[in-house]
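**Student:**
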Amino acid sequence: MIFVDANVIVAHFAKSHEHHKASSAFLDEVLKNRQHLAFSPQIGGEAFIAATSKRFFKVPATPDEFIRLLEKFRNTGFVSVVSPGERAMDIALQTAKEKSVTSAHIFDLIIYGTMLEHGITRIATINVKHFRNLKGIEVIQVA
Amino acid sequence: MMTAEQALEIVRKLPEHELQRFFARLNELTKVSDDEDKWNLARRKMAELSGALDLGEQLAPAPDRETLYEDREL
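If you're matching them up, the sequences are chains W and B in order.
For what it's worth, my numbering labels the leading residue of the first sequence as 6, then goes sequentially.
For what it's worth, my numbering labels the leading residue of the second sequence as 2, then goes sequentially.
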């Protein structure tokens, strides 16, 4: 199972995204190799921000447009939504302490904690720096 | 190639243990085929979502989480 970061989902949906082709090709390759995908509610929210904000695209998606696509993504088959529980929070906070992480970077660690809580050891992302040097996971660069 | 009728005739004449083996193998093959269909369907559905959003020009590179959350007031 491969955890998918928000940027890969947005790049897959948005044809003008600089990593659109790479993201779509990656997701197809994953399914071709019969591997399951997963994402968390946080990822869904972050993809929503990126796709509907005027900061990132000239013509941002409407909430309705984006939600319909995300629903379809969830229902593609072999895509699971995994949620963080207490263990994810404990892992995130402990790692933040160990690595002196501050500010919004805690959200990277909540993703990390969510993955470990669900036994997921691979994450596909465009920004690999978010997950560098986190033990027990493999980071797959999509770009 | 034999007709379906001819094939059925052969199956009908199989001894019990051979018949069981036949159906076990048939189930196996059908399962693989169903499985393949599901993965292919998933790929098709995923491909339909590719480029489904026309957001115009990308104004900033894929943001890190700090940038993503910077407008969020707590």
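Glycine included, C-beta positions come from ideal geometry on N, C-alpha and C.
Every value quoted in this text rests on a predicted model; they were computed, and no experiment measured them.
#1: Taking only runs that begin and end inside the region 31-73 of chain B, name each unbroken alpha helix (DSSP H) of 4 or more residues, in chain order.
#2: Taking only beta-carbon atoms, is valine 15/W less than 9 angstroms away from chain B?
#3: Measuring straight from C-alpha to C-alpha, what distance separates leucine 75/W and threonine 4/B?
#4: Per DSSP, what are the beta-bridge partners of leucine 74/W in this structure?
#5: Work out the CA separation of valine 12/B and glutamate 94/W for me, nearest whole Å.
#6: Hey, out of Phe18/W, Pro46/W, His110/W, whose CA is closest to tyrosine 70/B's CA?
#7: For phenylalanine 78/W versus isoleucine 125/W, is the C-beta distance shorter than 9 angstroms?
#8: Using the Cα positions of leucine 9/B and leucine 15/B, report the straight-line distance between them to the nearest angstrom.
#9: Since isoleucine 128/W and alanine 148/W should fall inside the 8 angstroms C-beta cutoff, what is the C-beta to C-beta distance between them, to a whole number of angstroms?
#10: Candidates Asn38/W, Lys104/W, His41/W: which alpha carbon is nearest asparagine 138/W's?
#11: Between which two residues does the alpha helix (DSSP H) carrying leucine 15/B extend?
#12: For the alpha helix (DSSP H) holding valine 144/W, just list the boundary residues, first then last.
#13: Figure out for me which residue from Gln59/B, Asp65/B, Leu56/B, Gly52/B has the closest Cα to the Cα of glutamate 51/W.
**Tutor:** From the atom records:
#1: Within the region 31-73 of chain B, the complete alpha helix (DSSP H) runs of at least 4 residues are 66-69.
#2: As a first step, residue 15/W is located in the first sequence; it is residue number 10 there, counting from the start. True, the Cβ-Cβ gap to chain B drops below 9 angstroms.
#3: In the first sequence, counting from the first residue as 1, residue 75/W sits at position 70. In the second sequence, counting from the first residue as 1, residue 4/B sits at position 3. Taking the straight line joining both Cα atoms gives about 48 angstroms.
#4: Translated into the one-based positions of the first sequence, residue 74/W becomes position 69. Paired residues: none, contrary to the question.
#5: The residue labelled residue 94/W in the question sits at position 89 within the first sequence. The residue labelled residue 12/B in the question sits at position 11 within the second sequence. Checking the sequence shown, residue 94/W turns out to be methionine, not glutamate. Methionine 94/W and valine 12/B have their C-alpha atoms spaced approximately 59 angstroms apart.
#6: Start at 1 with the first residue of the second sequence, and residue 70/B comes out as number 69. Distances from the alpha-carbon of tyrosine 70/B to those of Phe18/W, Pro46/W, His110/W put His110/W closest.
#7: Stepping through the first sequence from its first residue, residue 78/W is reached at position 73. Stepping through the first sequence from its first residue, residue 125/W is reached at position 120. No. Outside cutoff.
#8: The sequence position of residue 9/B within the second sequence is 8, counting from 1. The sequence position of residue 15/B within the second sequence is 14, counting from 1. Per the coordinates, the alpha-carbon of leucine 9/B lies some 10 angstroms from the alpha-carbon of leucine 15/B.
#9: For the purposes of this step, residue 128/W is taken as residue 123 along the first sequence, with counting starting at 1. For the purposes of this step, residue 148/W is taken as residue 143 along the first sequence, with counting starting at 1. For a cut-off of 8 angstroms, the C-beta gap from isoleucine 128/W to alanine 148/W is around 14 angstroms, too long to register as a contact.
#10: For the purposes of this step, residue 138/W is taken as residue 133 along the first sequence, with counting starting at 1. Lys104/W is the residue among Asn38/W, Lys104/W, His41/W whose C-alpha sits nearest the C-alpha of asparagine 138/W.
#11: Residue 15/B sits at position 14 when you count from the first residue of the second sequence. For leucine 15/B, there is no enclosing alpha helix (DSSP H), as DSSP gives it neither H nor E.
#12: Position 139 of the first sequence, counted from the start, is the residue given in the question as residue 144/W. Looking at the DSSP string, valine 144/W is not in any alpha helix (DSSP H); the run it does join, the beta strand (DSSP E), is 143-146.
#13: Reading the first sequence from its first residue, position 46 is the one you call residue 51/W. Restricting attention to Gln59/B, Asp65/B, Leu56/B, Gly52/B, the CA atom closest to the CA of glutamate 51/W is found in Asp65/B.
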